[in-house]
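Reviewing the structure listed below.
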Amino acid sequence: MKNVTFSADEALIEQARAEARSRKTTLNALFREWLEDIAQRDARRERVDAVFEEMADYNSGGKFTREEMNER
Numbered sequence: 002m003k004n005v006t007f008s009a010d011e012a013l014i015e016q017a018r019a020e021a022r023s024r025k026t027t028l029n030a031l032f033r034e035w036l037e038d039i040a041q042r043d044a045r046r047e048r049v050d051a052v053f054e055e056m057a058d059y060n061s062g063g064k065f066t067r068e069e070m071n072e073r
């Protein structure tokens with residue numbers, strides 16, 4: 002695993018450490034989770050797009066009037 006050094010405001014670091022403690026984890030583990038989340042955003046976006054495309058196949062394509070949409 003590669004080490005990375007960052008600089009941040011001391012108060013911000015303390016807030017992040019408090020959050021890590023409340024989650025019963027470490028700041029390092031939270032940071033790794035954050036990096037993984039950022040690295041996987043494109044893959045998640047592609048999966049969401051695929052789901053929407055699949056859902057579009059089920060769209061009846063019907064048009065409704067305002068009255069039909071407001072019927073109860």
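Throughout, the working numbering is defined as the position within the sequence shown, counted from one, plus 1. Built from N, CA and C at the ideal position, the CB exists for glycine as well.
Taking C-beta atoms under 8 Å as the contact rule, Leu31 and Ala21 qualify, at a distance of about 5 Å. Going by DSSP, Gln16 is part of the alpha helix (DSSP H) stretching over 11-23. With respect to Ala17, Leu28 sits close: the two C-beta atoms are nearer than 9 Å.
Put simply, the backbone Cα of Ala19 is about 10 Å away from that of Lys25. It is roughly 16 Å from the alpha-carbon of Trp35 to the alpha-carbon of Met2.
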